[in-house]
Amino acid sequence: MSFLFDLVAQGAQMLLALALSPLLIGLVRKLKARLLRRKGPPIIQPWLDLIRLLRKEVVLAENASWLYRSAPYLIFAMTWVAASLTPTFATGLMFSWSADLIAIIALLGGARFFLALAGMDIGTSFGGIGSSREAMFGSLAEPATIMIVFTVSFVAGTTQLSEIAAYMAGNLELRASVGMALVALLIVAIAENGRVPVDNPATHLELTMVHEAMVLEYSGRYLALIELASALKLLLYISLIACVFFPVGLARHDAGLQAMAIGLGAYVLKLVIGGGLLALFETSTAKMRVFRVPDFLGAGLMLGLLATLLVFVTRSL
Amino acid sequence: MPIYFALTSVSALLAVGVYAIVDRRNPDVSRNVYRICIALCGILFVAAVMPRGASVLSATLPFGLPWIGVHLRIDVLSAFFLAVVNLGGAAASAYAIGYGAHEKEPMRVLPFYPAFLAGMNMVVLADDAFSFLVAWEFMSLASWALVLTHHHDAENRRAGFVYLLMASFGGFALLMAFGVLGGIEGAYDFASIRESTKEGWKTGLVLALALVGMGSKAGLAPLHIWLPLAHPAAPSHVSALMSGVMTKVAVYGFIRVVFDLLGPPAFWWSVEPMSFGAVSALIGVLFATIQSDLKKLLAYSTIENIGIIFIALGLALAFKADGLALPAALAFTAALFHVFNHSLFKSLLFFGAGAVLGGSGERNIERLGGLIHSMPKTAFLFLGGCVAISALPPLNGFVSEWMVFQAILLSPSLPQWTVKLLVPAVGVALALSAALGAGCYIRAYGVAFLGRPRSEAARTAKDPDRWSLGSMTALLTLCLLAGLLPSLVIDTISPAARDFVGGRMPTQAELSWLSIAPIAESRSSYNGLLVFVFILFSAYSARWVIHKFGSARSRRAPAWDCGYIETSPATQYTGSSFAQPIRRTLGVIAFSVKERLDMPAPGDMRPARLSIDIKDRIFDYLYAPLTRAVETCASSLNILSLLTIQEYLALVFGALVFLLVLVAI
Numbered sequence: 000m001s002f003l004f005d006l007v008a009q010g011a012q013m014l015l016a017l018a019l020s021p022l023l024i025g026l027v028r029k030l031k032a033r034l035l036r037r038k039g040p041p042i043i044q045p046w047l048d049l050i051r052l053l054r055k056e057v058v059l060a061e062n063a064s065w066l067y068r069s070a071p072y073l074i075f076a077m078t079w080v081a082a083s084l085t086p087t088f089a090t091g092l093m094f095s096w097s098a099d100l101i102a103i104i105a106l107l108g109g110a111r112f113f114l115a116l117a118g119m120d121i122g123t124s125f126g127g128i129g130s131s132r133e134a135m136f137g138s139l140a141e142p143a144t145i146m147i148v149f150t151v152s153f154v155a156g157t158t159q160l161s162e163i164a165a166y167m168a169g170n171l172e173l174r175a176s177v178g179m180a181l182v183a184l185l186i187v188a189i190a191e192n193g194r195v196p197v198d199n200p201a202t203h204l205e206l207t208m209v210h211e212a213m214v215l216e217y218s219g220r221y222l223a224l225i226e227l228a229s230a231l232k233l234l235l236y237i238s239l240i241a242c243v244f245f246p247v248g249l250a251r252h253d254a255g256l257q258a259m260a261i262g263l264g265a266y267v268l269k270l271v272i273g274g275g276l277l278a279l280f281e282t283s284t285a286k287m288r289v290f291r292v293p294d295f296l297g298a299g300l301m302l303g304l305l306a307t308l309l310v311f312v313t314r315s316l
Numbered sequence: 000m001p002i003y004f005a006l007t008s009v010s011a012l013l014a015v016g017v018y019a020i021v022d023r024r025n026p027d028v029s030r031n032v033y034r035i036c037i038a039l040c041g042i043l044f045v046a047a048v049m050p051r052g053a054s055v056l057s058a059t060l061p062f063g064l065p066w067i068g069v070h071l072r073i074d075v076l077s078a079f080f081l082a083v084v085n086l087g088g089a090a091a092s093a094y095a096i097g098y099g100a101h102e103k104e105p106m107r108v109l110p111f112y113p114a115f116l117a118g119m120n121m122v123v124l125a126d127d128a129f130s131f132l133v134a135w136e137f138m139s140l141a142s143w144a145l146v147l148t149h150h151h152d153a154e155n156r157r158a159g160f161v162y163l164l165m166a167s168f169g170g171f172a173l174l175m176a177f178g179v180l181g182g183i184e185g186a187y188d189f190a191s192i193r194e195s196t197k198e199g200w201k202t203g204l205v206l207a208l209a210l211v212g213m214g215s216k217a218g219l220a221p222l223h224i225w226l227p228l229a230h231p232a233a234p235s236h237v238s239a240l241m242s243g244v245m246t247k248v249a250v251y252g253f254i255r256v257v258f259d260l261l262g263p264p265a266f267w268w269s270v271e272p273m274s275f276g277a278v279s280a281l282i283g284v285l286f287a288t289i290q291s292d293l294k295k296l297l298a299y300s301t302i303e304n305i306g307i308i309f310i311a312l313g314l315a316l317a318f319k320a321d322g323l324a325l326p327a328a329l330a331f332t333a334a335l336f337h338v339f340n341h342s343l344f345k346s347l348l349f350f351g352a353g354a355v356l357g358g359s360g361e362r363n364i365e366r367l368g369g370l371i372h373s374m375p376k377t378a379f380l381f382l383g384g385c386v387a388i389s390a391l392p393p394l395n396g397f398v399s400e401w402m403v404f405q406a407i408l409l410s411p412s413l414p415q416w417t418v419k420l421l422v423p424a425v426g427v428a429l430a431l432s433a434a435l436g437a438g439c440y441i442r443a444y445g446v447a448f449l450g451r452p453r454s455e456a457a458r459t460a461k462d463p464d465r466w467s468l469g470s471m472t473a474l475l476t477l478c479l480l481a482g483l484l485p486s487l488v489i490d491t492i493s494p495a496a497r498d499f500v501g502g503r504m505p506t507q508a509e510l511s512w513l514s515i516a517p518i519a520e521s522r523s524s525y526n527g528l529l530v531f532v533f534i535l536f537s538a539y540s541a542r543w544v545i546h547k548f549g550s551a552r553s554r555r556a557p558a559w560d561c562g563y564i565e566t567s568p569a570t571q572y573t574g575s576s577f578a579q580p581i582r583r584t585l586g587v588i589a590f591s592v593k594e595r596l597d598m599p600a601p602g603d604m605r606p607a608r609l610s611i612d613i614k615d616r617i618f619d620y621l622y623a624p625l626t627r628a629v630e631t632c633a634s635s636l637n638i639l640s641l642l643t644i645q646e647y648l649a650l651v652f653g654a655l656v657f658l659l660v661l662v663a664i
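Chains A and B are the protein sequences, given in the same order. Following numbering that gives the first Met the number 0, the residues of the first sequence are numbered contiguously, the last one being 316. Following numbering that gives the first Met the number 0, the residues of the second sequence are numbered contiguously, the last one being 664.
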């Protein structure tokens, strides 16, 4: 019976991530519009867009290969698996041990790998621009993430996300290293999700775009899958930040339905706060030049390294 | 008796070389040689993995140095490396049945190829310093001859010269290392070296010499300069062997000397392998990112991977020195796992590069493109290799890098400050090289295989024959299996860790669902199989839902590209434009890049030119002064050849007196 319950809880987390992620995007867009004193589309709009795209015919470029056609499925699958293995409302779910934090980061790296390849498949200059920039951002953001993982795992003594969340919930104390890791993770999250000031998800201005340049040739169901994958990625990063640094209200997998309901409520609240802060941040900054981004990410990497060193030093004193 | 079995096969390999010379008029000789090589490597592989009753097998043969003879031994470590060498050897031979048929001068390859395989096997089997060094030099010379296969090209002759120079330098360092180990009594068999007592200065000296000697063969920076020259020069199956297998034989030598012969380690031993490993990993991956020659790119990437292996070995030394058996076993197992993985995917990638070279006659990725349409099978297999080497789940490269990260995460338990502060820095280097590595392979694959063909050769390229494709498929399958079922590989390596670092990882086969957990499941665990199943399940269920409820229709049309109409494939991103962001951000520190833009004034009709000047600092600041110094010494010593007879006699007398005084003291 408990096996069945665990399976249902894990399945619920998968579907929850899938259902909430476009709503999160819708929420951020709505809040941004309100902050600019516009009315903005309804929060459900991204879902409506996705359904519209799924019904449409795909227009493929003439020399698109099989890689171009299978990449959206792979990107979506890898991101979805990563998002479903990140604790949302409860920890220690059935398959949470099958991939630790490093593996989750690597899964996102895999999605990036195929997205960048898909950008180069048609052989247009915009695809190349996007892939090249994405490869550079990735090669700075990923080590920064690994440094954050190091810091958090040194503190918690594990790389399993559920155990980290449980440790952080049980040992509430202020640590300089964890604070630095949080700032570094915020920097990485903004860059990885292509938000302002690194990339602007709303623009198609050629010289500045990164993510949009790679997916320029996609249409129909393929575009829908890629959009859904990037929504899932945003949700994943907010879940990650929430479960590592603010593990309030997280239920244990054997805590029963009531605790899970509280966990769910807390999670939705965290998503709303996260989305709200993101919208506020995006409206109050301007996009930076592409060649300033390495400095921005370099700051994240340095913060991560400093945090790691700090843990190493304080651990042994 | 597997050891006599192995010895017979090695002698048979040598005999195959002779056969190739004798039967050189036969048009089928190339095919026959490679077929016999597959069989012999297969036999050796079986001999290596065959369950051994007693865990150590040894034999002594009555030739070689009169007071030693030739000692041979198969223990868990040599058995593992024997398996790696012969797996790579069998794959390369199978590939070469098809690939070798195009060779214009087969007699420059066929006699040396089996000899090269025999040499590598002998290094692993040797159990005394003398036969180890003889086998080592034999391996070096055979591979040198193979590098010179296409000797009409001046660049290849230079590659051969640099390789020979580095190989003899490394061999010289090893000679001295074993000299110090064996002592004045000349106890050169490994058993007596193991038992002898070593003073502090001796261990330091041997460690440094071993690192130089083995590192120069493995491609550890700054001794790596021959790899990017020699690997493109050799035929592709030989480059695969040199890069995927011979560098691992050097890793074996390092493990044998440092973990086995030198006795219990001190913590400072770990500093050198770790720092040089980190430097190699970074230099390797950064140079790989800017190469446009596919085989050069792969050679630099080998340097990166060797760096990762040495980082793991350094960690294992540090843990072992402090008596932390379990973390030491984890780091050591990670190193050997990466050795195995790298031999698989690097061979696969070199075979792919060879297939591209054979199909299109082009190694330069800037003149390729669109190969996914003209060589679909090679493109798929090469993509598999790229995913594996970029350390992406669920393939095997990720598992070994994951284990190295787990080992780094255990390092706060080390008591020494030197190591404690070095490890996070090494961790950054490792993380950076892993991420840059993925970028490097996106570039390599994207430019060469995707997009539109940049030349006629790329458009009309053809997939290679069945043998080559079969060999690549087998390697990719092994990569996938090692990634999905890492517990099997780890449990196979564990006995070696038990013998060489004094601990072993928990038996992984006992864990449920075939997952791996290096220390404990609550600390870290990974399940490649489950992740793979999840990815497949999500992808296919998404596809099913979309095709059922959404649309499955598609239509072909010209590319959109923001409305620009571009006709020439030259408008695509090239390899150098792809690398530009990395060249700009990291290039200034790593390889002193100078970009010069020559922009004509308005009205001037000459074209604008952008020239990029990339300099290798190691070459400029280490090797160039060294060669200058050698040349100055040589030319000033030249006077000695122009002396009169009286002066010569005086010189001889002086030398004699000096030596007698030295002996008297």
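Heads up, the beta-carbon is just placed ideally off N, CA and C, and yes, glycines get one too.
- Query: Buried or exposed: which applies to W416 (chain B), given that a residue is buried once 16 or more other Cβ atoms fall within 10 Å of its Cβ?
  - Reply: Reading the second sequence from its first residue, position 417 is the one you call residue 416 (chain B). It is exposed - the Cβ of W416 (chain B) has fewer than 16 other Cβ atoms within 10 Å.
> Which stretch, first to last residue, makes up the alpha helix (DSSP H) that contains K295 (chain B)?
Replying inline: One-based indexing of the second sequence puts residue 295 (chain B) at position 296. That run of the alpha helix (DSSP H) goes L293 to A320.
* Between L226 (chain B) and A298 (chain B), is the Cβ-Cβ spacing less than 9 Å? -> Translated into positions along the second sequence, residue 226 (chain B) becomes position 227. Translated into positions along the second sequence, residue 298 (chain B) becomes position 299. Taking 9 Å as the cut-off, the beta carbon of L226 (chain B) is found closer than this to the beta carbon of A298 (chain B).
Q) CB E141 (chain A) to CB A538 (chain B), shorter than 9 Å? A) Position 142 of the first sequence, counting from 1, holds the residue named residue 141 (chain A). Position 539 of the second sequence, counting from 1, holds the residue named residue 538 (chain B). For E141 (chain A) and A538 (chain B), no; Cβs fall outside 9 Å.
| said: In whole angstroms, give me the CA-to-CA distance for S10 (chain B) and L39 (chain B). | reply: On the second sequence, residue 10 (chain B) is found 11 positions in, with the first residue counted as 1. On the second sequence, residue 39 (chain B) is found 40 positions in, with the first residue counted as 1. If you take the alpha carbons of S10 (chain B) and L39 (chain B), they lie about 10 Å apart.
Three or more C-beta pairs below 8 Å linking the region 187-206 of chain A and the region 39-51 of chain A: In this structure the region 187-206 of chain A does not lie against the region 39-51 of chain A, because fewer than three pairs of beta carbons, one per stretch, are closer than 8 Å.
Exercise for review: For R605 (chain B), collect the residues of the same chain with a Cβ closer than 6 Å to its Cβ; drop the 5 residues on either side in sequence, then sort them by chain order.
Suggested key: Counting from one through the second sequence, the residue named residue 605 (chain B) turns up at place 606. Cβ contact annotation for R605 (chain B) (same chain, cutoff 6 Å, sequence separation greater than five): P599, in chain order.
Name the residues in the region 70-102 of chain A whose C-beta lies less than 7 Å from a C-beta of chain B; which are they? Across the region 70-102 of chain A, CB contacts with chain B closer than 7 Å involve Y72, L73, F75, A76, M77, W79, V80, F94, W96, S97, A98, D99, I101 and A102, in sequence order along the chain.
Q) Using the rule of at least 16 other Cβ atoms within 10 Å of the residue's Cβ for burial, across every protein chain shown, is N526 (chain B) buried or exposed? A) One-based indexing of the second sequence puts residue 526 (chain B) at position 527. The residue is buried, with at least 16 neighbouring Cβ atoms inside 10 Å.
query: Taking all protein chains shown into account, do 16 or more other C-beta atoms lie within 10 angstroms of the C-beta of H341 (chain B), making it buried, or fewer, making it exposed?
result: Translated into positions along the second sequence, residue 341 (chain B) becomes position 342. Burial call: buried.
Determine whether the Cβ of F548 (chain B) lies closer than 9 Å to any Cβ atom of chain A. As a first step, residue 548 (chain B) must be located in the second sequence, where it is residue number 549. Yes, contact with chain A.
*Determine the closest residue to A14 (chain B) out of B:V338, B:I42 and B:P110, with distance taken between C-alpha atoms.*
Indexing the second sequence from 1 puts residue 14 (chain B) at position 15. For the options B:V338, B:I42 and B:P110, the alpha carbon positioned closest to that of A14 (chain B) is the one of B:P110.
With H, G and I counted as helix, E and B as strand and the rest as coil, what does DSSP make of T85 (chain A)? Against the first sequence, residue 85 (chain A) aligns to sequence position 86. T85 (chain A) falls in the coil class under three-state DSSP.
task = Taking P392 (chain B) as the query, report the chain A residues whose CB atoms sit under 8 Å from its CB, ordered along the chain.
result = Walking along the second sequence from the start, residue 392 (chain B) turns up at place 393. What P392 (chain B) touches in chain A: A98, A102, A105, L106 and G109.
Give a single yes or no on whether G252 (chain B) has its beta carbon closer than 8 Å to a heavy atom of the ligand GDP.
This structure lacks the ligand GDP; in fact it carries no ligand of any kind.
7 Å Cβ shell around F44 (chain B) - same chain, five flanking residues per side excluded = Taking the second sequence and counting its residues from 1, the one referred to as residue 44 (chain B) is at position 45. Non-local C-beta neighbours of F44 (chain B) in its own chain, meaning closer than 7 Å and more than five positions away in sequence, comprise A82, N85, L86 and A89, ordered along the chain.
request  = Identify which residue in B:G549, B:S575, B:L180 and B:I534 has its Cα closest to the Cα of T78 (chain A).
outcome  = On the first sequence, residue 78 (chain A) is found 79 positions in, with the first residue counted as 1. Nearest of B:G549, B:S575, B:L180 and B:I534 to T78 (chain A), Cα basis: B:I534.
* Can you grab the Cα-Cα spacing for the pair A172 (chain B) / F253 (chain B), in whole Å? => Numbered from its first residue, the second sequence carries residue 172 (chain B) at position 173. Numbered from its first residue, the second sequence carries residue 253 (chain B) at position 254. Answer to the nearest angstrom: the Cα atoms are 12 Å apart.
### Message
Against chain A, does S389 (chain B) count as a neighbour if the rule is that its beta carbon must be under 9 Å from one of theirs?
### Response
Within the second sequence, numbered from 1, the residue matching residue 389 (chain B) stands at position 390. Taking Cβ atoms only, chain A reaches closer than 9 Å to S389 (chain B), which makes this a yes.
Check your understanding: So R36 (chain A) is in the alpha helix (DSSP H); what residue range does that whole segment cover?
Key -> Along the first sequence, read from residue 1 onward, the residue named residue 36 (chain A) stands at position 37. That residue, R36 (chain A), is in no alpha helix (DSSP H); it is neither H nor E in DSSP.
Quiz item: Between A:A32, A:G178 and A:V177, which lies nearest to I42 (chain A) when the distance is taken from Cα to Cα?
Solution: By 1-based counting over the first sequence, the position of residue 42 (chain A) is 43. The shortest C-alpha separation from I42 (chain A) is found at A:A32.
(request) Starting from the beta carbon of M146 (chain A), find every residue of chain B whose beta carbon is closer than 9 Å, and list them in chain order. (result) Taking the first sequence and counting its residues from 1, one reaches residue 146 (chain A) at position 147. Against M146 (chain A), the close residues of chain B are P423, G426, V427 and A430, in the order they occur along the chain (beta-carbon pairs closer than 9 Å).
Q) Could you give the distance in angstroms between the alpha-carbon of K269 (chain A) and the alpha-carbon of A241 (chain A)? A) Along the first sequence, one-based indexing puts residue 269 (chain A) at 270. Along the first sequence, one-based indexing puts residue 241 (chain A) at 242. A direct Cα-Cα distance of roughly 7 Å separates K269 (chain A) from A241 (chain A).
Do three or more CB pairs link the region 590-599 of chain B to the region 561-577 of chain B at distances below 8 Å?
The region 590-599 of chain B vs the region 561-577 of chain B: no contact.
### For E365 (chain B), the three-state DSSP class (helix, strand or coil)
Your numbering for residue 365 (chain B) matches position 366 in the second sequence. Helix.
Please report the straight-line C-alpha distance between L100 (chain A) and A164 (chain A), rounded to a whole angstrom. Start at 1 with the first residue of the first sequence, and residue 100 (chain A) comes out as number 101. Start at 1 with the first residue of the first sequence, and residue 164 (chain A) comes out as number 165. Approximately 11 Å between the Cα atoms of the pair.
My output table needs one value for L219 (chain B): the three-state DSSP class, helix, strand or coil. Position 220 of the second sequence, counted from the first residue, corresponds to residue 219 (chain B). If DSSP states are grouped into helix, strand and coil, L219 (chain B) belongs with coil.
- Task: For E216 (chain A), go through chain B and note every residue whose CB falls closer than 8 Å to its CB, in chain order.
- Result: Stepping through the first sequence from its first residue, residue 216 (chain A) is reached at position 217. By Cβ distance, chain B contributes A558, W559 and D560.
Review point. Comparing the C-beta of L15 (chain A) with each C-beta of chain B, is any distance below 9 Å?
Key: Against the first sequence, residue 15 (chain A) aligns to sequence position 16. So, not an interface residue.
| query | According to the neighbour-count rule (16 or more other Cβ atoms, all chains shown, within 10 Å of its Cβ), is H546 (chain B) buried or exposed? | reply | Within the second sequence, the letter at position 547 stands for residue 546 (chain B). Around the beta carbon of H546 (chain B), fewer than 16 other beta carbons lie within 10 angstroms, which makes this residue exposed.
Quick one, which of B:Y18, B:L76 and B:W135 has its alpha-carbon nearest P113 (chain B)'s?
Numbered from 1 along the second sequence, position 114 holds the residue referred to as residue 113 (chain B). Restricting attention to B:Y18, B:L76 and B:W135, the CA atom closest to the CA of P113 (chain B) is found in B:Y18.
* In chain order, what residues of the same chain have a beta carbon less than 7 Å from the beta carbon of I289 (chain B), not counting five sequence neighbours either side? -> Here residue 289 (chain B) refers to the residue found at position 290 of the second sequence. Annotation for I289 (chain B): A578, R582 and I613 place their beta carbon closer than 7 Å to its own, counting only its chain and skipping 5 residues before and after.
- Query: Are S64 (chain A) and L449 (chain B) close, meaning C-beta to C-beta below 9 Å?
  - Reply: Position 65 of the first sequence, counted from the start, is the residue given in the question as residue 64 (chain A). Position 450 of the second sequence, counted from the start, is the residue given in the question as residue 449 (chain B). Yes, these two residues count as a Cβ contact at 9 Å.
Check your understanding: Sorted by chain position, which residues of the same chain lie with C-beta nearer than 7 Å to V80 (chain A)'s C-beta, five sequence neighbours on each side aside?
Key -> By 1-based counting over the first sequence, the position of residue 80 (chain A) is 81. Excluding residues within five positions, the ones whose Cβ falls inside 7 Å are L106.
**Q.** Euclidean distance between Cα positions of E162 (chain A) and A60 (chain A)
**A.** In the first sequence, the residue the question calls residue 162 (chain A) occupies position 163. In the first sequence, the residue the question calls residue 60 (chain A) occupies position 61. If you take the alpha carbons of E162 (chain A) and A60 (chain A), they lie about 46 Å apart.
What are the residues in the region 153-168 of chain A lying within 8 Å of chain B by C-beta distance?
Within the region 153-168 of chain A, the residues whose Cβ lies closer than 8 Å to some Cβ of chain B are F153, G156, T157, T158, Q159 and E162, listed in chain order.
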